[in-house]
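**Student:**
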Amino acid sequence: MRLSLRFIIPLVLALGAIAYGVAPLVDDLTLKWFVRDLDIRTKLITSAVQEPLAAAITDDLSPRIRQQRLEAVFGRLVQDERLFAIGYCDAAGKFAYRTVTLPRDIACRPPGQPAEEGRVHTFAGGSLHVAANPLSVEGMRLGELVIVHDMSFIERRSADTKKYIVYLFTGIGAVIALITVVIAELSWRGWMAGMKALIRGQLLADFSGPRSRELGPIARDLEALVRDLEAERRMRDESQMSWVPETLRTILREDLKGDEILIVSNREPYSHVRQGDRIEVQRPASGLVTALEPVMRACSGTWIAHGAGNADREVVDAGDRLRVPPESPSYTLRRVWLGKEEEAGYYDGFANEGLWPLCHIAHTRPVFRAGDWEHYRAVNRRFAETVVAESRTPNPIVLVQDYHFALLPRMIRERLPEATIIAFWHIPWPNPEAFGVCPWRKELLEGLLGSSILGFHTQFHCNNFFDTVDRYLEARVDRETFTISCGGEPTEVHRYPISIEWPLQGLDTLPPVPECRRQVREELGLAPDVRLGVGVDRLDYTKGILERFAAIERLLEIEPRWIGHISFLQIAAPSRSSIDEYQSLDARVRAAAQRINSRFAAPGCQPIVLKVEHHDAERVYRHYRAADFCFVSSLHDGMNLVAKEFVATREDERGVLILSQFAGAARELPEALIVNPYDTEQCAAAVRDALTMPPEEQRARMRSMRALLQEFNVYRWAGRMLLDAARNRNRRRLSRTSRPFASAALGP
Ligand code: G6P
Numbered sequence: 065m066r067l068s069l070r071f072i073i074p075l076v077l078a079l080g081a082i083a084y085g086v087a088p089l090v091d092d093l094t095l096k097w098f099v100r101d102l103d104i105r106t107k108l109i110t111s112a113v114q115e116p117l118a119a120a121i122t123d124d125l126s127p128r129i130r131q132q133r134l135e136a137v138f139g140r141l142v143q144d145e146r147l148f149a150i151g152y153c154d155a156a157g158k159f160a161y162r163t164v165t166l167p168r169d170i171a172c173r174p175p176g177q178p179a180e181e182g183r184v185h186t187f188a189g190g191s192l193h194v195a196a197n198p199l200s201v202e203g204m205r206l207g208e209l210v211i212v213h214d215m216s217f218i219e220r221r222s223a224d225t226k227k228y229i230v231y232l233f234t235g236i237g238a239v240i241a242l243i244t245v246v247i248a249e250l251s252w253r254g255w256m257a258g259m260k261a262l263i264r265g266q267l268l269a270d271f272s273g274p275r276s277r278e279l280g281p282i283a284r285d286l287e288a289l290v291r292d293l294e295a296e297r298r299m300r301d302e303s304q305m306s307w308v309p310e311t312l313r314t315i316l317r318e319d320l321k322g323d324e325i326l327i328v329s330n331r332e333p334y335s336h337v338r339q340g341d342r343i344e345v346q347r348p349a350s351g352l353v354t355a356l357e358p359v360m361r362a363c364s365g366t367w368i369a370h371g372a373g374n375a376d377r378e379v380v381d382a383g384d385r386l387r388v389p390p391e392s393p394s395y396t397l398r399r400v401w402l403g404k405e406e407e408a409g410y411y412d413g414f415a416n417e418g419l420w421p422l423c424h425i426a427h428t429r430p431v432f433r434a435g436d437w438e439h440y441r442a443v444n445r446r447f448a449e450t451v452v453a454e455s456r457t458p459n460p461i462v463l464v465q466d467y468h469f470a471l472l473p474r475m476i477r478e479r480l481p482e483a484t485i486i487a488f489w490h491i492p493w494p495n496p497e498a499f500g501v502c503p504w505r506k507e508l509l510e511g512l513l514g515s516s517i518l519g520f521h522t523q524f525h526c527n528n529f530f531d532t533v534d535r536y537l538e539a540r541v542d543r544e545t546f547t548i549s550c551g552g553e554p555t556e557v558h559r560y561p562i563s564i565e566w567p568l569q570g571l572d573t574l575p576p577v578p579e580c581r582r583q584v585r586e587e588l589g590l591a592p593d594v595r596l597g598v599g600v601d602r603l604d605y606t607k608g609i610l611e612r613f614a615a616i617e618r619l620l621e622i623e624p625r626w627i628g629h630i631s632f633l634q635i636a637a638p639s640r641s642s643i644d645e646y647q648s649l650d651a652r653v654r655a656a657a658q659r660i661n662s663r664f665a666a667p668g669c670q671p672i673v674l675k676v677e678h679h680d681a682e683r684v685y686r687h688y689r690a691a692d693f694c695f696v697s698s699l700h701d702g703m704n705l706v707a708k709e710f711v712a713t714r715e716d717e718r719g720v721l722i723l724s725q726f727a728g729a730a731r732e733l734p735e736a737l738i739v740n741p742y743d744t745e746q747c748a749a750a751v752r753d754a755l756t757m758p759p760e761e762q763r764a765r766m767r768s769m770r771a772l773l774q775e776f777n778v779y780r781w782a783g784r785m786l787l788d789a790a791r792n793r794n795r796r797r798l799s800r801t802s803r804p805f806a807s808a809a810l811g812p
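Structure below.
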């Protein structure tokens with residue numbers, strides 16, 4: 065009803081206004097027509113009376129008889145009801161006859177004046193049409209006939225016309241309004257339903273639901289618009305924000321309304337290791353930990369991880385928790401204990417002998433054992449239970465990290481359906497053919513698709529994931545909205561290139577660059593003219609350590625002038641050492657270093673200095689600062705944070721980064737010397753170029769990379785995911801509080 069009034073009232077008002085606007089125009093027009101008619105009529109009357117009048121005037125008659133004749137002629141005329149008055153002006157311009165009704169102010173025209181058209185004479189009682197037509201017979205001028213018509217009939221007709229026009233327009237208006245109301249009422253319902261569903265996010269969330277045919281294209285356009293606006297807003301917001309720890313806290317407080325955060329990873333940020341009767345705290349060598357620790361320091365919350373340190377149990381409370389970082393506690397570390405067999409099956413076996421080589425193209429064959437798979441499943445379930453136990457609310461934000469927990473998102477989703485689960489895959493995602501060799505590929509994909517958001521470092525890895533799901537699952541893959549629906553809530557798949565904190569924690573307490581340089585060179589016993597290169601990695605076959613050594617060796621072969629003038633320090637943190645492949649790599653790396661050193665040894669300068677040991681962050685940063693170049697030659701790497709850390713420590717804007725094209729970081733740092741680690745000649749040339757690069761060029765490249773890292777730091781990485789999580793939660797809230805779109809849609 066309200067809708068009808070909303071249409072009818074304005075329509076009727078508009079048409080009324082039109083009618084009243086049109087009426088005077090019609091009035092004016094009809095008046096002109098009537099005046100023209102009266103002009104014609106007076107001419108006809110004049111010509112009709114001309115003959116009898118001429119006879120009455122020209123005949124030789126007595127004045128009385130003449131007067132009688134004139135009255136007889138005019139007497140007949142005035143019987144016409146429209147004729148109001150009549151007068152006859154003789155040739156001298158004087159009234160020879162006039163009816164009593166002729167108004168006094170109408171006079172004869174003086175002789176000789178040209179004739180005029182009829183005119184409208186208005187007086188108190190109304191309007192009259194006055195015409196003075198000349199009379200002549202056989203060329204003889206007899207005077208003028210003044211004919212006055214009553215125009216009141218015109219006014220009556222004009223009033224009638226006005227009335228009809230208003231009636232007509234009102235009638236038309238009513239009919240149009242009625243038709244409009246019927247159409248509007250029908251489409252309004254459909255529109256409202258469509259809009260409500262759009263606002264609820266129902267359409268964005270689920271393309272597969274039924275919707276009215278006529279709303280489909282509009283909905284799609286709106287969805288695209290919303291997506292563009294969101295992307296634009298995100299881009300704009302991101303570029304306008306300064307990404308510091310406080311930014312994350314603000315997002316948590318304002319966008320996520322203080323919702324609780326839980327992180328799950330296999331590797332813990334701090335492990336406790338017994339050294340005699342002392343317990344030492346260690347920061348493990350893990351890009352994942354490097355990136356997430358500052359995020360957790362900023363966000364608080366709980367980090368759930370495998371307690372792998374041999375003294376880990378000694379320092380936790382009854383709930384297996386402790387507050388970290390040790391120097392200024394700001395979040396909780398919840399440790400999960402694994403038995404030896406479990407660890408061997410889940411971590412060494414399925415994760416590191418199966419998934420790790422499966423996802424890295426490093427020519428190491430993945431090994432899949434059913435027993436390992438069982439452990440992997442069981443451990444994932446254990447962590448899911450821990451997440452449920454640790455969450456204080458039914459809808460926490462859970463950040464699931466890496467390939468150790470592919471099954472975890474779905475397991476959490478089953479237990480906490482309201483949770484926002486962000487899974488991040490820190491390693492590359494291979495193409496469908498490569499991934500397809502895994503016997504449990506379907507379960508792994510379904511597990512990951514329990515996430516609300518799934519992140520990779522590069523778009524290339526996202527695309528590989530889309531292709532893999534397309535190939536192996538019955539799922540709806542939408543590459544336009546970057547979503548995959550596989551039963552239940554859709555999963556958004558996005559690229560979030562991970563980074564480092566800026567500035568690096570602990571950098572401010574390090575000595576200045578020249579001092580670091582002096583210290584390190586002294587430690588290594590390097591002569592002043594020896595140039596220093598550095599590599600820092602876990603001892604892993606994906607890192608291309610052997611390829612790096614081969615490049616140094618090749619340079620010394622082709623340019624012997626460098627013998628005794630270059631030393632390459634390789635810091636290799638022991639890693640996954642219970643796995644055969646890693647043990648064999650350890651042996652091969654040591655052998656290669658030995659061989660090269662024996663070939664090109666010079667007094668006070670070993671070509672390769674290999675340190676297979678754990679270095680804490682502070683020591684690693686010192687070496688970065690002391691180096692002339694840093695060599696990152698990964699055969700395949702999700703991102704590689706060593707490359708970014710090296711750049712971050714070089715406040716002096718010196719030093720050269722040689723970076724593998726197969727590391728995700730190469731996409732963000734093109735100012736590095738980008739190499740193919742399989743191409744030994746090219747890598748050797750890159751080392752030579754690094755050693756000879758002028759300081760200005762080093763500065764220009766460093767400055768550009770530092771500017772990028774400052775802006776695209778780890779707070780931005782986490783912040784983008786949290787902003788997306790906030791958006792995702794809002795949508796879900798809306799879709800839960802509104803009616804389902806399908807029930808409100810129009811009929812067939
Ligand atoms: C890679 C993985 C991390 C892992 C790290 C160290 O960066 O993506 O998940 O923590 O290697 O490996 P580790 O097996 O020692 O944890």
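Using my numbering, you'd call the opening residue of the sequence shown number 65 and step up by one each time.
Note that beta-carbon positions come from the ideal geometry of N, C-alpha and C, so glycine has one too.
1) I'd like the list of long-range same chain contacts for ARG505, defined as Cβ closer than 7 angstroms, with 5 residues on each side in sequence excluded.
2) In terms of alpha-carbon separation, which member of ASN794, GLY597, ALA196 lies closest to ILE461?
3) Between the Cα of SER200 and those of ARG780, CYS153, PRO741, spot the shortest distance and give me the residue it belongs to.
4) Just the C-alpha distance for PRO554 and ALA782, rounded to the nearest angstrom, thanks.
5) Do the stretch 408 to 425 and the stretch 584 to 595 make contact, defined as three or more Cβ pairs closer than 8 angstroms?
6) When the Cα atoms are used, what is the spatial distance from VAL711 to PRO481?
7) Determine the burial state of GLN304: buried for a count of at least 16 other Cβ atoms within 10 Å of its Cβ, exposed for fewer.
8) Under a three-way DSSP split, which group does ALA269 fall into?
9) Does DSSP put SER648 in a helix, a strand or coil?
10) Counting C-beta neighbours from all protein chains within 10 Å, is the total for PHE217 16 or more, i.e. buried, or is it exposed?
11) Work out the CA separation of ARG540 and ARG686 for me, nearest whole Å.
12) Per DSSP, which one or two residues make a beta bridge with ASP601?
13) Go ahead and pull the three-state DSSP assignment for CYS669.
14) Just to confirm my understanding: we take ARG477, look at its own chain, exclude 5 residues before and 5 after, and list those with CB closer than 6 angstroms. What are they?
15) Identify which residue in PHE148, VAL142, ARG205, VAL113 has its Cα closest to the Cα of ALA156.
16) Grouping DSSP H, G and I as helix and E and B as strand, with all else coil, what is LEU537?
17) Kindly indicate which three-state DSSP category PRO567 falls into: helix, strand or coil?
18) Mind checking THR396: buried by the 16 CB within 10 Å criterion, or exposed?
19) Under 8 angstroms by Cβ, that's how I've got ASP558 and GLY728 pegged, so tell me the actual separation to the nearest angstrom.
20) Quick one: using the 10 Å Cβ neighbour count with 16 as the cut-off for buried, is TRP97 buried or exposed?
21) Here's the rule I'm using: 16 or more other beta-carbon atoms within 10 Å means buried, otherwise exposed. How should ARG429 be labelled?
22) Can you tell me whether DSSP reads TYR161 as helix, strand or coil?
23) Mark VAL501 as exposed unless 16 or more other C-beta atoms lie within 10 angstroms of its C-beta, in which case mark it buried.
24) If you count every other CB in all the chains shown that lies within 10 Å of the CB of GLN24, and 16 or more means buried, which is it?
25) What is the DSSP secondary structure of GLN346, counted as helix, strand or coil?
26) Along the alpha helix (DSSP H) that carries GLU621, what are the first and last residues, could you check?
27) Where do the N-terminal and C-terminal ends of the alpha helix (DSSP H) with MET204 fall, by residue?
28) Would you grab the beta carbon distance between VAL464 and TYR779 for me? Rounded to a whole angstrom, and I think it's under 8 angstroms.
29) Using the Cβ count rule (16 or more neighbours within 10 Å means buried), how would you classify ASP466?
30) Determine the direct distance from the alpha carbon of ILE240 to that of ASP788, and round the result to whole angstroms.
31) Spatial neighbours of LEU316 within its chain, please: CB distance less than 8 angstroms, with the 5 preceding and 5 following residues excluded, ordered by chain position.
32) Restricting to runs no shorter than 4 residues, where is the alpha helix (DSSP H) found entirely within the stretch 474 to 532?
33) Let me check you understand the geometry: is the CB of ASP466 closer than 7 angstroms to at least one non-hydrogen atom of the ligand G6P?
34) Tell me the DSSP secondary structure of ASP701 in three-state form.
35) Any heavy atom of the ligand G6P within a distance shorter than 7 angstroms of the CB on ARG399?
36) Could you tell me the alpha carbon to alpha carbon distance between ASN330 and PHE529, rounded to whole angstroms?
**Tutor:** Walking through what the data contain:
1) Start at 1 with the first residue of the sequence shown, and residue 505 comes out as number 441. Excluding its 5 nearest sequence neighbours in each direction, ARG505 has C-beta neighbours in its own chain below 7 angstroms: PHE499, TYR536, listed in chain order.
2) To locate residue 461, count along the sequence shown from 1; it is residue 397. For the set ASN794, GLY597, ALA196, the Cα lying nearest the Cα of ILE461 is the one of ASN794.
3) The residue given as residue 200 occupies position 136 in the sequence shown. Checking every option, the nearest Cα to that of SER200 belongs to CYS153.
4) What you label residue 554 is simply residue 490 of the sequence shown in a count that begins at 1. What you label residue 782 is simply residue 718 of the sequence shown in a count that begins at 1. So the alpha carbons of these two residues sit roughly 21 angstroms apart.
5) Contact between the stretch 408 to 425 and the stretch 584 to 595 is absent, because fewer than three Cβ pairs lie under 8 angstroms.
6) Sequence index remark: in the sequence shown, residue 711 carries index 647 (1-based). Sequence index remark: in the sequence shown, residue 481 carries index 417 (1-based). The alpha-carbon atoms of VAL711 and PRO481 are separated by roughly 42 angstroms.
7) Locating residue 304 in the sequence shown gives position 240, where the first residue counts as 1. Counting every other CB atom within 10 Å of its CB across the protein chains shown gives GLN304 a total below 16, marking it as exposed.
8) Translated into positions along the sequence shown, residue 269 becomes position 205. Residue placement at ALA269 is flagged as unreliable, the pLDDT there being 41, under the threshold of 50; a coordinate-derived value is accordingly withheld.
9) Stepping through the sequence shown from its first residue, residue 648 is reached at position 584. Of the three classes helix, strand and coil, the one that applies to SER648 here is helix, per DSSP.
10) Residue mapping note: residue 217 aligns to position 153 of the sequence shown, counting from 1. Result: exposed.
11) Stepping through the sequence shown from its first residue, residue 686 is reached at position 622. Stepping through the sequence shown from its first residue, residue 540 is reached at position 476. Put simply, the backbone Cα of ARG686 is about 50 angstroms away from that of ARG540.
12) Residue mapping note: residue 601 aligns to position 537 of the sequence shown, counting from 1. Bridge partners of ASP601: ALA636.
13) If you number the sequence shown from 1, residue 669 lands on position 605. If DSSP states are grouped into helix, strand and coil, CYS669 belongs with the strands.
14) Here residue 477 refers to the residue found at position 413 of the sequence shown. The beta carbon of ARG477 is closer than 6 angstroms to those of GLY514 in its chain, skipping five residues each way along the sequence.
15) As a working mapping, residue 156 is identified with position 92 in the sequence shown. Considering only alpha carbons, the answer is ARG205.
16) Taking the first residue of the sequence shown as position 1, residue 537 is located at position 473. Coil at LEU537, not helix or strand.
17) Counting from 1 along the sequence shown, the entry for residue 567 is found at position 503. In the displayed model, PRO567 falls within coil according to three-state DSSP, outside both helix and strand.
18) In the sequence shown, counting from the first residue as 1, residue 396 sits at position 332. Burial is judged here by how many other beta carbons sit within 10 angstroms of a residue's own beta carbon; THR396 has at least 16 and is buried.
19) Numbered from its first residue, the sequence shown carries residue 558 at position 494. Numbered from its first residue, the sequence shown carries residue 728 at position 664. The residue asked about is misnamed: residue 558 is His in this sequence, not Asp. HIS558 to GLY728, Cβ: 14 angstroms. No contact.
20) Stepping through the sequence shown from its first residue, residue 97 is reached at position 33. By the neighbour-count rule (16 or more Cβ atoms within 10 Å), TRP97 is not buried but exposed.
21) Position 365 of the sequence shown, counted from the start, is the residue given in the question as residue 429. It counts as exposed.
22) Position 97 of the sequence shown, counted from the first residue, corresponds to residue 161. In the structure shown, the three-state DSSP call for TYR161 is strand.
23) Sequence index remark: in the sequence shown, residue 501 carries index 437 (1-based). Burial call: exposed.
24) The structure shown has nothing for residue 24, since the chain only spans 65 to 812.
25) Stepping through the sequence shown from its first residue, residue 346 is reached at position 282. If DSSP states are grouped into helix, strand and coil, GLN346 belongs with the strands.
26) Position 557 of the sequence shown, counted from the start, is the residue given in the question as residue 621. Note, GLU621: alpha helix (DSSP H), 609 to 622.
27) The residue given as residue 204 occupies position 140 in the sequence shown. Run containing MET204: none in the alpha helix (DSSP H); it sits in the beta strand (DSSP E), 204 to 214.
28) Numbered from 1 along the sequence shown, position 400 holds the residue referred to as residue 464. Numbered from 1 along the sequence shown, position 715 holds the residue referred to as residue 779. Taking 8 angstroms as the upper bound for CB-CB distance, VAL464 and TYR779 are not in contact here, some 20 angstroms apart.
29) Along the sequence shown, read from residue 1 onward, the residue named residue 466 stands at position 402. With 16 or more other Cβ atoms from the protein chains shown falling within 10 Å of its own Cβ, ASP466 counts as buried.
30) As a working note, residue 788 is residue 724 in the sequence shown. As a working note, residue 240 is residue 176 in the sequence shown. Approximately 49 angstroms between the Cα atoms of the pair.
31) Taking the sequence shown and counting its residues from 1, the one referred to as residue 316 is at position 252. Contacts found: GLY322, ASP323, ILE325, CYS363, LEU786.
32) Listed in chain order, the alpha helix (DSSP H) elements of length 4 or more contained wholly in the stretch 474 to 532 are 496 to 499, 505 to 512.
33) One-based indexing of the sequence shown puts residue 466 at position 402. Flag set: Cβ of ASP466 near the ligand G6P.
34) Taking the sequence shown and counting its residues from 1, one reaches residue 701 at position 637. In this structure, ASP701 counts as strand in the three-state DSSP scheme.
35) Reading the sequence shown from its first residue, position 335 is the one you call residue 399. In terms of side-chain proximity, the C-beta atom of ARG399 is found no nearer than 7 angstroms to any non-hydrogen atom of the ligand G6P.
36) Here residue 330 is taken as the residue at index 266 of the sequence shown, counted from 1. Here residue 529 is taken as the residue at index 465 of the sequence shown, counted from 1. Spanning the two alpha carbons is a distance of roughly 22 angstroms.
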